[in-house]
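Chemist:
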Amino acid sequence: MSQNVKNNGLPADPTDISLMNPAVPEDEARIKEAFQDRDWNEIKSADSWVIFKVMAEFVEGFDKLAKIGPCVSIFGSARTTDDNPYFKVAEEIAAKLVRHGYGVITGGGPGIMEAANKGAFEQGGKSVGLNITLPFEQQSNIYIDPDKNMDFDFFFVRKVMFVKYSQGFIVLPGGFGTLDELFEALTLIQTKKIGRFPIILVGKKYWSGLIDWIQNTLLEAENNISAPDLKLFSVVETPDEAVRVIEEFYSKYLLKPNF
11 MSQNVKNNGL
21 PADPTDISLM
31 NPAVPEDEAR
41 IKEAFQDRDW
51 NEIKSADSWV
61 IFKVMAEFVE
71 GFDKLAKIGP
81 CVSIFGSART
91 TDDNPYFKVA
101 EEIAAKLVRH
111 GYGVITGGGP
121 GIMEAANKGA
131 FEQGGKSVGL
141 NITLPFEQQS
151 NIYIDPDKNM
161 DFDFFFVRKV
171 MFVKYSQGFI
181 VLPGGFGTLD
191 ELFEALTLIQ
201 TKKIGRFPII
211 LVGKKYWSGL
221 IDWIQNTLLE
231 AENNISAPDL
241 KLFSVVETPD
251 EAVRVIEEFY
261 SKYLLKPNF
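With positions in the sequence shown counted from 1, the corresponding number in our numbering is that position plus 10.
1) Using 10 angstroms around the beta-carbon of V253, count the other beta-carbons present and answer buried if the total reaches 16, otherwise exposed.
2) Quick check on F179: does DSSP put it in helix, strand or coil?
3) Less than 8 Å separating the beta-carbons of V181 and L192?
4) Please say whether G111 and N127 have beta carbons closer to each other than 8 Å?
5) Rounded to whole angstroms, how far is the Cβ of V212 from the Cβ of V173, which I believe are closer than 8 Å?
6) Can the beta-carbon of P208 be found closer than 8 Å to that of V99?
7) Output the boundary residues of the alpha helix (DSSP H) element that contains G187.
8) Who are N141's beta bridge partners in DSSP?
9) Locate the alpha helix (DSSP H) running through F85, then write down its first and last residues.
10) Just to confirm the assignment, what range does the beta strand (DSSP E) spanning I221 have?
11) For the alpha helix (DSSP H) that G129 lies in, which residues bound it at each end?
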């Protein structure tokens, strides 16, 4: 008998997922239950109220960071330990930025974030932490200024704060979160949603595979980006080089909020 006809001879419901995968009746029941009108309406009602929590996070972030002054955000893995060479690199970059008049913003957690906050804190500079509430409870590190230590439930609100109040992104080795923050900034600059600011990748060996893929696949093979897009970021090896890119950029452009 055709799959499109039920056993009683009547036409089958084209939305019946058992036609696509008849071997999972338990999954079918579970999915159908999840899409009952009552459950769906409850979800939509809850969504309407969540907007107030989103607004509260924006208000707190804008209020605390409104007068923060020029800052550079430093990104990297939360898993980096203090015996990893990149931990010291992040610490040195932050210290040098403070000596050049910048504050430092991080994601507020351990690893590279802690190293950067430590470097800024020990130099007496502004040390900002934008922590994110996670199921495994990422804790704020101890080197954040108490009045600049914020917790966010929403990644997208947190990313707005990074982009709005940073005069540069310095990106050390990290994972998905680091890549998310990197490509968010590249996309906003590429599409001219915000003004250009320096984006610096630290660690030539670490980033070489990604950069080769961007150039060879995205640009040359698929034509999904333009040649000038490769100039939206710099790749360096040392703390001095990273800070020099920031300094050279702002010798030509005015320091100001990004939007």
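By construction, the Cβ of each residue, glycine as well, lies at the ideal position given by its N, Cα and C atoms. Just so you know, these numbers come straight off a predicted model, no measurement behind them.
Modeler: Well, looking at it:
1) V253 is buried by the Cβ-count criterion.
2) For F179, the secondary structure class from DSSP, reduced to helix, strand or coil, is strand.
3) Yes; because the gap between Cβ atoms is below 8 Å, this pair is in contact.
4) Their beta carbons are not under 8 Å apart, which means N127 does not touch G111 by this criterion.
5) Not a contact, Cβ separation roughly 19 Å.
6) Using a Cβ distance threshold of 8 Å, P208 and V99 do not count as a contacting pair.
7) Per DSSP, the unbroken alpha helix (DSSP H) holding G187 starts and ends at F186 to Q200.
8) Answer is D161, bridged to N141.
9) Per DSSP, F85 is not a residue of any alpha helix (DSSP H); the beta strand (DSSP E) it occupies stretches across C81 to F85.
10) Element bounds for I221: not the beta strand (DSSP E) but the alpha helix (DSSP H), K214 to W223.
11) Boundaries of the alpha helix (DSSP H) harbouring G129: I122 to E132, taken from the DSSP string.
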